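K.L.:
Please see the structure below; I have some questions.
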Amino acid sequence: KYDLAIKEAQDVLILEPNNALAYKRIGSAFYALGDTKKALQYWKKSLELDPTDENLRSFIQKVEAEEKPTGVEGLEFLKGLEE
47 KYDLAIKEAQ DVLILEPNNA LAYKRIGSAF YALGDTKKAL QYWKKSLELD
97 PTDENLRSFI QKVEAEEKPT GVEGLEFLKG LEE
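Residue numbering for the sequence shown follows this note's numbering, beginning at 47 and increasing consecutively.
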């Protein structure tokens with residue numbers, strides 16, 4: 047289901063490489079599949095093409111905040127950077 051959505055949106059991008067909605071849909075499909083990194087890449091491209099999309103901007107900030115390690119997990123992450 048999500049793979050098909052990605053394929054269809056990619057087909058749109060072949061014809062319309064600056065279609066912000068297609069990038070947004072691909073990002074959402076990757077997010078649903080659990081690939082947050084790819085989702086953010088596509089959402090940021092969508093936002094670059096349509097900087098007026100405040101809902102997407104807010105959602106990107108929320109997702110990025112959730113991705114940052116916090117608490118004990120954050121301390122372990124930071125220790126790993128020092129090694």
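Ideal Cβ placement from N, Cα and C applies to all residues, glycine included.
Just so it is clear, the structure is predicted and the values come from calculations on it, not from any experiment.
Mark residue 104 as exposed unless 16 or more other C-beta atoms lie within 10 angstroms of its C-beta, in which case mark it buried.
P.N.:
Result: exposed.
K.L.:
With a Cβ-Cβ cutoff of 8 Å, do residue 66 and residue 59 count as a contact?
P.N.:
Contact: no.
K.L.:
How big is the Cα-Cα spacing for residue 76 and residue 97?
P.N.:
About 21 Å.
K.L.:
Under 8 Å between the Cβ atoms of residue 48 and residue 85?
P.N.:
No, Cβ-Cβ distance for residue 48 and residue 85 is not below 8 Å.
K.L.:
Spatial neighbours of residue 90 within its chain, please: C-beta separation below 7 Å, excluding the five flanking residues on both sides.
P.N.:
Same-chain partners within the cutoff: 106.
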